[in-house]
Structures are given as C-alpha cells and as structure tokens.
C-alpha cells in the first residue's frame, strides 16, 4: 500500500456498504478518508466566508475551500462565541464551486459535525478557531463517513487525533495573527519528535517505544508505525498565520504536505493575486527563483498588519481538551 | 541501446509520491530497469519516456500548467511524439478534450485534449459518496480494487477510444493509443497491475522510437 492505514478503528460506524446490481461498494473506509486528504497534497486550502470569496479562491487555484462564519482575525476582534457557519452560506458555496468544500465545527460538538455531514461538505475541521464545546473529549470521528482534519502542536496530539479518526492533521499555529512563528514551532516540534522516534524504532528498542507510547498517551501500534514511516501516518498541513508566498514556501520546506491560508488572503488588500502567488510558491517551494516570481506578485504594503503572538488576549492553540 | 526507462510524475499538485511509489514497485515486480522521478519543468518533460498525471484537483493542475513558462508547450510537444501518458482521476480530466461538473456545470479549465473523451466531474457525488469496489478491467486478469474519490466518469468517447472498464454503467477506464485514463486511483489500491500495463506501453514506445531513430541514421 502507498497509504498507511494503521490506527484505524475496526468498529467504525462511518463505513457504509452499498450493494448495486449485486456489486458491493464501500464508503467511509480509512483508505477513502485518508485518500481524500492525500489528494489535497502540495495544494492550498483557503478560508472563505461566502460564495464570492469561494469563487475567487477557486479561480486562484485553491485545492479546496474552508467555509467559516468569520475569518480567524475577525473572530479575535468580535469576541463572544464562535460557532459553525450558517447552513445557507455553506449551501451557497456548495452550489458555486467544483473543488472540495470543508467547514469547521466546534471541538467536541458532534451535533454540529452531523449537520455538516448532512449538508454534504467534503471534510470537517474540528477546530480551535471556534469556541470549544467540550473541554474533556474531542469528537469520536469514526462515527462519520465524512473525513475530519484536526490541529496538533506536537506528536502526541497528532497521534491521539488520528486514533480518534482524523484523516488529516494540520499545525495549530495562531490563526488570524498573520504571524507564522507558532506554526513553525509546531511543525518543528512534530518533526523533532518523529526524528527521535525513528532512531529508536530503527534500533529495535521496544522498551523505549513503550515508554514513549505511555508518555504521549497513544497506542504502541501507531507509535511504531510513525517510527517506521519516519512521518505521520496521515497527511500533515501547515496552518495558522500564513500570509505571503514566502510563508507558504517556508512551511513546505519544513516538510508540510500542503498549506491552509486563513485570514492571510481575504484580510489582505490584494486577495486574488496573493492567493495565486501562494499557490505557485507552495508547488515550487524549493525553487527560490519561482518563489521570488510569486513574491513579486504581492505588495507587502497590502499584507494584513497582523498581531503580536506574544500579547494575545486569546491563545487559540491552548483551547480544548488537553488529552 | 539504453533499455532503462525514465518515468515522470507531474508534480504540481496531488498524490505525486503515491504514484512514484506505485510505479517504482511495478518496475521492480516486472524486473524492468528504470527510474521514477517527479517533473515540474519543461526540460524534465522533454527527457522522460512516459508521464503520469496524478490524482488531485484538475483545476489546480491546469492553472499551474498554464502559469509555468514553457510547460504547456513541452507537454504538447511530447504528445506529438505520442509519449505514453496515464492520468488517474484528476489526471484523466486534464488529459480529456471536454469536461463539465455534475452540479456546477461548465467550468473554464485548461484541458490537454489528448484523450477524445468528455468528462463528468464528481460523477458519483461528493466525498460522502466516495467508495471502493471491485472492477473488471480488460487487459487485467481478476478483479481490481477501484478507489473512487470524488471521481469523474467518461460520458462520451470518440471512435479511437477503447473502453477498459465500466462501473454502474459509467465508463471508468479508457485507452487511446499510448494514453490511459482512469476515474479511480490505481496508485492507492496496493495493486500495481494498472501501472504495469502502463509501463509495458512505455517499453514498447521506447523500443519503437529507438528503432526509428536508428533507421534515420
């Protein structure tokens, strides 16, 4: 197999078996869910709040759009409770673009997730950008046919989310700030932990692997698989604070499989050109000449001013259950 | 004569590494000397013996083909040389002559027109309806596990197009001379027979091409 299926829950209720003319077709399998995430690789997923923005994103080369009620920057300014987007906005986006559509639900809010599955979004983001609905538990994502993406700032969080059924992981970063430093911290943390784990796996040191599995509260099976692969068993994207083509290239060069851009595009004054430039820089991240061409397409005076991540009223990465 | 095959996977967006792996496994299983590389530049396209266009989003790949200076020209050049190509899912859409989305309708996007087919995008529904199922494919013995992810289907095919497989009455695999298109993802099924079929085409094309070049001398 070219995709790892380790960590799959054998009793997943999200698996649906249909018989058509005597032939069986199975939906919601781990391969179909993780496979969907693999199709997003090397691409840019853009946050949008209405159908017009979704159209701009698609025309600029977004691989998918993420629908939310307010961009993370506006969530910070509005305060109050951030919930899933209006059904009619999501429906309008579904009716206007041909690329996949994702939407966010609150952490632990399995009823919002069911609504999103019922509307027909292609992937659900159980996101710390919205106000967490459960401080103890995340959603048990194996109950859904629709795949999920979750944020993680270290290896333990990533593997625990995968074992709950996430088909894709992204860094948490600090969304809406225009500052990539937290996303960089998170991917470096995951990379370093995996590098260490791979060394231990390659040495066949089972005692140490068991110790790590206990420390990060993940099964030994998935800890071993991560060591064997030398990477997460699912696709890992960068998210949180990406604003320029250079930011996208930086995170791709640190080993991310693709990019989420939130406020960075539609809070800038040149969204269409900037969106295109981020797409080009993501694909050609390791080619400085092409990244320069992409960076030339934007004007730094039009970037979002952003927020200092050291003095935030709200640290989104700290929200939700600790386990 | 150099009998080592150089296979390129178009590395603009999508499941590039999965196709590199599947093709590399296929080469090993066939005992065929060769290498599989990712390609993004015109000069890389000009030196390969076969091209795989992977799964992903066809609109994104089309845009990136159009944007990179000289890339579209080089692909059109090797198409004239009848270079073998295989497109899986989005890759098949990029190779097609015409396409429309099942819900959205016509969508302006760059298509190479190498396969004389019309595509219906998202033909089986959205991700919720994505599925896996066994398929009968001509040229491949026994069932093949088809992985359909927001898959397209072929609505109409020209007289030169050979239909390799159907599912629920919809065409899901085609071949026109040296070009193969599939609605599903053979690179994800853990079964490399589709990639082997493609590599056989490449080996044949390379042999014929080398003979031609020699006879011209």
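Chains as they are written, first to last, in my numbering: chain L, 4 to 326; chain H, 1112 to 1328.
Note that beta-carbon positions come from the ideal geometry of N, C-alpha and C, so glycine has one too.
Quick caveat, the model's predicted, so the values are computed rather than measured.
Going by CA-CA distance only, name the one from L:56, L:230, L:29 and L:80 that's closest to residue 148 of chain L. L:29
At a CB distance below 9 Å, what residues from the stretch 112-133 of chain L approach chain H? Give them in sequence order. 120, 123, 124, 125 and 126
So residue 1193 of chain H is in the alpha helix (DSSP H); what residue range does that whole segment cover? Note, residue 1193 of chain H: premise wrong, no alpha helix (DSSP H); not H, not E.
Under the three-state reduction of DSSP, which class applies to residue 1325 of chain H: helix, strand or coil? helix
Take the Cβ of residue 45 of chain L as the centre, count every other Cβ of all protein chains shown within 10 Å, and call the residue buried at 16 or more, exposed below. buried
Name the residue from L:177, L:99, L:120 and L:35 whose alpha carbon lies nearest to the alpha carbon of residue 314 of chain L. L:177
Note down, in chain order, every chain L residue with its Cβ under 8 Å from the Cβ of residue 1170 of chain H. 61, 64, 101 and 102
Note down, in chain order, each residue of its chain lying with its Cβ closer than 6 Å to the Cβ of residue 1207 of chain H, except the 5 sequence neighbours on either side. 1222, 1226, 1228 and 1230
Taking residue 1207 of chain H as part of the beta strand (DSSP E), name the residues at either end of that continuous run. 1207-1212
is_contact[residue 1133 of chain H, chain L] using C-beta, thresh 8 Å: yes
Beta strand (DSSP E) segment containing residue 70 of chain L, residue limits: 67-70
Inter-residue Cα distance where the pair is residue 10 of chain L and residue 272 of chain L: 43 Å
Quick check on residue 1130 of chain H: buried or exposed, where buried means 16 or more other Cβ atoms within 10 Å of its Cβ? buried
How close, in whole Å, do the beta carbons of residue 1313 of chain H and residue 1118 of chain H come, if the pair is a contact with beta carbons under 8 Å? 7 Å
Residue 229 of chain L - partner residues in DSSP beta bridges: BP columns for residue 229 of chain L are empty, so no partner.
Separation of residue 100 of chain L from residue 65 of chain L, as counted between CA atoms: 11 Å
Would you say residue 300 of chain L faces chain H, with C-beta separation under 8 Å as the test? no
Verify the CB distance criterion: does residue 1304 of chain H have a CB-CB separation below 8 Å to chain L? no
Do residue 161 of chain L and residue 235 of chain L have their beta-carbon atoms positioned less than 8 Å apart in this structure? yes
What does residue 1233 of chain H reach in chain L if we use C-beta pairs closer than 8 Å? 101
Look at the Cβ atom of residue 1138 of chain H, then the Cβ atom of residue 1260 of chain H, and state whether they are nearer than 8 Å. no
Suppose contacts are defined by Cβ-Cβ distances below 8 Å. Is residue 250 of chain L in contact with residue 183 of chain L by that definition? yes
Locate the beta strand (DSSP E) running through residue 1246 of chain H, then write down its first and last residues. 1242-1246
Would you tell me roughly how many angstroms separate the C-alpha atoms of residue 1201 of chain H and residue 1294 of chain H, rounded to the nearest one? 8 Å
So what does residue 263 of chain L bridge to, in DSSP terms? L:48
Please check if any C-beta of chain L sits within less than 8 Å of the C-beta of residue 1158 of chain H. no
Is it buried or exposed for residue 1191 of chain H, if we count other Cβ within 10 angstroms and need 16 for buried? exposed
Under 8 Å, with one C-beta from each stretch per pair, do the stretch 10-25 of chain L and the stretch 206-214 of chain L reach the 3-pair mark? no
Leaving out the 5 sequence neighbours to the left and right, which residues in its chain are closer than 6 Å to residue 116 of chain L when beta-carbon positions are compared? 108, 127 and 142
Within a Cβ cutoff of 7 Å, which residues of the same chain sit near residue 2 of chain L, ignoring the five residues on either side of it in sequence? As displayed, chain L neither begins before 4 nor continues past 326, which places residue 2 of chain L out of reach and without an answer.
Identify the residues that DSSP records as bridge partners of residue 153 of chain L: which are they? L:129 and L:172
Specify whether the stretch 294-313 of chain L and the stretch 28-42 of chain L touch according to this definition: at least 3 beta carbon pairs, one from each stretch, less than 8 Å apart. no
Hey, residue 285 of chain L and residue 47 of chain L: beta-carbon distance below 8 Å or not? yes
Inter-residue spacing [alpha-carbon to alpha-carbon] between residue 146 of chain L and residue 1168 of chain H: 27 Å
Could you give the DSSP three-state label for residue 1149 of chain H: helix, strand or coil? strand
With a threshold of 8 Å between beta-carbons, can residue 1249 of chain H be considered close to chain L, or not? no
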